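Engineer: Quick note, the sequence shown lines up with residues -20 to -1, 1 to 217 if you use mature numbering (1 follows the signal peptide of the UniProt record, and there is no 0). Don't be surprised by glycine CBs; every beta carbon is placed ideally from N, CA and C. Just so we're clear, the structure is a prediction, and the values are computed from it rather than from any experiment.
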Amino acid sequence: MASPILFFGLLAFIFIAALASDPSPLQDFCIADTNSQVWLSCFLFAMWWSVAVLLNGLACKDPTLVEANDFSSSGLHIAGNTSNPAGFSMASPILFFGLLAFIFIAALASDPSPLQDFCIADTNSQVLLNGLACKDPTLVEANDFSSSGLHIAGNTSNPAGFSVTSAQIPGLNTLGISLFRFDYAPWGVNSPHIHHRATEILTVLEVFGSKPQIPSDVLVKAFQVDNNVVNYIRSKF
Ligand SMILES: *[C@@H]1O[C@H](CO)[C@@H](O)[C@H](O)[C@H]1NC(C)=O
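Below is the structure:
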């Protein structure tokens, strides 16, 4: 508190930062490139001068270099060393608020709102964005807005008994919309997962005619209908 101007400066900075919204994660995954030099230099720059260049987390790794280890972690079974003081102390308010401000800086790193109606994905671009870079508008063609192949069943010969086929529609790039076909083998599962801040609409086909049968009580509960209705629909298959 010996330096009220610095203190209020930091406080003001915190409130500026509080205007930040959570980033909309436009893609399901952007594997962190922990070696990205771009991010490190932005980090220093952002800390002292500006927040505009800090990315939404870390820069994305080149998708062709992504490996299974990027989705796992180890070491959580090892107890941490708790032989330390309680952490932050109010004896150092400037450091505390400075760190707090820094936390909110990170929250400023949001994705841009998709301001354009369309940004056709340029799948050949080497630039790794949150989404894909836009194709030259003069090269956009009708095919960029359509997809085919969703009528073909996916290969479910895998341990999960499940497959996902995505509709490749470059015109949906940055719009936060995607379309998939799921196929389940008998007893197949889609492992528990989340899509950040996304809404998923599923159209379920072949539930009532599935072999083996899905137990009636499951269908009664899932569709909130009477057992007679379940039997009636089953009779149609
Ligand atoms: C389905 O996947 C399995 C396992 O990868 C493979 O052995 C099999 O050939 C695939 N079947 C088809 C029709 O592609």
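Looking at the secondary structure, which residues open and close the alpha helix (DSSP H) in which Asp197 lies?
Structural biologist: To locate residue 197, count along the sequence shown from 1; it is residue 217. Segment 196 to 203, the alpha helix (DSSP H) holding Asp197.
Engineer: Taking the beta carbon of residue 219 as the centre, do at least 16 other beta carbons fall within 10 Å, making it buried, or is it exposed?
Structural biologist: Outside the displayed range of the chain (-20 to 217) lies residue 219, so it cannot be described from this structure.
Engineer: How many Å lie between Gly151 and Leu159 at the Cα?
Structural biologist: In the sequence shown, residue 151 corresponds to position 171, counting from 1. In the sequence shown, residue 159 corresponds to position 179, counting from 1. If I take the Cα positions, the gap works out to 12 Å.
Engineer: Within 10 angstroms of its Cβ, does Asn153 collect 16 or more other Cβ (buried), or is it exposed?
Structural biologist: Counting from 1 along the sequence shown, the entry for residue 153 is found at position 173. Its Cβ being crowded by 16 or more others within 10 Å, Asn153 is buried.
Engineer: Would you say the beta carbon of Glu158 comes nearer than 7 Å to a heavy atom of ligand 1?
Structural biologist: On the sequence shown, position 178 is the one that residue 158 refers to. A small fix is needed here, since residue 158 is Ser in this sequence, not Glu. Result no, Cβ not under 7 Å from ligand 1.
Engineer: Taking only the alpha-carbon atoms, compute the straight-line gap between Ile213 and Lys191 and give it to the nearest angstrom.
Structural biologist: The count along the sequence shown starts at 1 and reaches residue 213 at position 233. The count along the sequence shown starts at 1 and reaches residue 191 at position 211. Distance between the alpha carbons of Ile213 and Lys191 is about 15 Å.
Engineer: When the Cα atoms are used, what is the spatial distance from Val200 to Gly141?
Structural biologist: Looking up residue 200 in the sequence shown gives position 220. Looking up residue 141 in the sequence shown gives position 161. About 24 Å.
Engineer: Any beta-carbon of chain B closer than 8 Å to the one on Gly168?
Structural biologist: Absent here is chain B; the protein component of the structure consists of one chain.
Engineer: In or out: Gly60 buried (at least 16 other Cβ within 10 Å) or exposed?
Structural biologist: Counted from its first residue, the sequence shown places residue 60 at position 80. Counting Cβ neighbours within 10 Å, Gly60 comes out exposed, since fewer than 16 surround it.
Engineer: Relative to the C-alpha of Ala178, which candidate in Gly168, Trp167, Glu186, Ile157 has its C-alpha closest?
Structural biologist: Numbered from its first residue, the sequence shown carries residue 178 at position 198. Comparing Cα-Cα distances from Ala178 to each of Gly168, Trp167, Glu186, Ile157, the minimum goes to Ile157.
Engineer: Taking 5 Å as the limit, tell me which residues put their C-beta closer than that to any heavy atom of ligand 1, in chain order.
Structural biologist: Asn135, Ser137
Engineer: Counting C-beta neighbours from all protein chains within 10 Å, is the total for Ile181 16 or more, i.e. buried, or is it exposed?
Structural biologist: Stepping through the sequence shown from its first residue, residue 181 is reached at position 201. Flag for Ile181 reads exposed.
Engineer: Between which two residues does the beta strand (DSSP E) carrying Arg161 extend?
Structural biologist: Along the sequence shown, one-based indexing puts residue 161 at 181. Start and end: 160 to 164.
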